[in-house]
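Novice: The structure's right below; bear with me while I get my questions together.
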Amino acid sequence: MYRSLVIKVGTNVLTRPDGRLDITNISHLVDQIAGLKAVGISLVLVSSGAVGAGREIMSFSEDTGAVAQRQVLSAIGQVRLMELYRQLFASHGLLCAQVLATKGDFRDDLHADNMLNCFRALLHDQIVPVVNENDVVAVTELMFTDNDELAGLVARMLQVDALVILSSVDGLYDGPPDAPGSQLIREVAAGDDSVLQFVQEKKTAFGRGGMATKIRIATSTASVGIPVLLGNGRKPNVLDDLRTGQWAGTTVKA
Ligand code: GLU
């Protein structure tokens, strides 16, 4: 069984097709995470959804620029998202904490060490760190490609036993995921970028990333010894498989 995990959850798992926060699914994910903590697994949640949560309650006049919109949406959305997480974790008797980071924080040793110390202190006290990119201050050109990249960096920093990336598909398919005849690829070897040929360019509705960055991050993370499990965050009890070791999605082997 894994003893330590980073679990990344994408916007499309956390929001409904119309963009509203999917409180039912978020609640189910928190229940599953609480279940993993109850059996002694140390874990960090990397959660997108701030921009989506902001979009639900805010609309802009036409003269607001794209960067300012992202900043405002994430600033108001992150508060909503964390308030929801706080309530849901509290219902399991758990504390959660907000950790916002930019790419620069990982490049600079002083900031990276300081962040690592904070993670260690939170995990030592059984608090669930909920990590997101600090979209409010991140400079567009220097942003993470998406939260998959951020999750990969956190997983390396903490040297966890596995990185779990949940999206709205079961994993990597050898064709379009919804086409009849497409098969789920159950295992990928570390560093095997040849599977990128199977990646469909189509991106899901609201998230920033896509399967291509997931596979790139997964193969590079696996090549430093951390297996990556791609799975469907909308499938009931998907995280229960982590206890049995029988992952139903795609496993990128370390
Ligand atoms: N940080 C963005 C948010 O919270 C999500 C980035 C991504 O889609 O990976 O909305």
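All the letters of the sequence shown, read from the start, carry residue numbers 1 to 254 under UniProt numbering.
Glycine included, C-beta positions come from ideal geometry on N, C-alpha and C.
Any heavy atom of ligand 1 inside 8 angstroms of the beta-carbon of Asp146?
Specialist: Residue 146 sits at position 146 when you count from the first residue of the sequence shown. Flag set: Cβ of Asp146 near ligand 1.
Novice: Which of the three DSSP states is assigned to Ile185 in this structure?
Specialist: Here residue 185 corresponds to residue number 185 of the sequence shown, with the count starting at 1. Of the three classes helix, strand and coil, the one that applies to Ile185 here is coil, per DSSP.
Novice: Report yes if the C-beta of Asp135 is less than 8 angstroms from at least one heavy atom of ligand 1; otherwise report no.
Specialist: For the purposes of this step, residue 135 is taken as the residue at position 135 of the sequence shown. It does: the Cβ of Asp135 is within 8 angstroms (strictly closer) of some heavy atom of ligand 1.
Novice: Between which two residues does the beta strand (DSSP E) containing Ser27 stretch?
Specialist: As a working note, residue 27 is residue 27 in the sequence shown. Segment 23-38 is the alpha helix (DSSP H) holding Ser27; no beta strand (DSSP E) there.
Novice: I need the boundaries of the alpha helix (DSSP H) containing Val79, first residue and last residue.
Specialist: Start at 1 with the first residue of the sequence shown, and residue 79 comes out as number 79. Start and end: 66-90.
Novice: Can you give me the Cβ contacts of Val99 inside the same chain, cut-off strictly under 6 angstroms, excluding the 5 residues immediately before and after it?
Specialist: By 1-based counting over the sequence shown, the position of residue 99 is 99. Closer than 6 angstroms at the Cβ level, and outside the excluded window around Val99, lie Pro129, Val131.
Novice: How many Å lie between Leu43 and Leu122 at the Cα?
Specialist: Working through the sequence shown from its first residue, we reach residue 43 at position 43. Working through the sequence shown from its first residue, we reach residue 122 at position 122. Each residue's alpha carbon lies about 10 angstroms from the other.
Novice: Quick test of the definition: if touching needs 3 or more C-beta pairs under 8 angstroms, does the region 169-186 touch the region 231-240?
Specialist: A contact exists between the region 169-186 and the region 231-240.
Novice: Express the C-alpha separation of Gly210 and Gln183 in angstroms, rounding to a whole number.
Specialist: In the sequence shown, residue 183 corresponds to position 183, counting from 1. In the sequence shown, residue 210 corresponds to position 210, counting from 1. Between Gln183 and Gly210, the C-alpha separation is close to 19 angstroms.
Novice: Between the Cα of Val247 and the Cα atoms of Ala218, Arg186, Val51, Ala212, which residue gives the shortest distance?
Specialist: On the sequence shown, residue 247 is found 247 positions in, with the first residue counted as 1. Looking at the sequence itself, residue 247 is Trp, so the reference to Val does not match. Among Ala218, Arg186, Val51, Ala212, the Cα nearest to that of Trp247 belongs to Arg186.
Novice: Who pairs with Val9 in a beta bridge, going by DSSP?
Specialist: As a first step, residue 9 is located in the sequence shown; it is residue number 9 there, counting from the start. Val9 is bridged to Ser47, Leu166.
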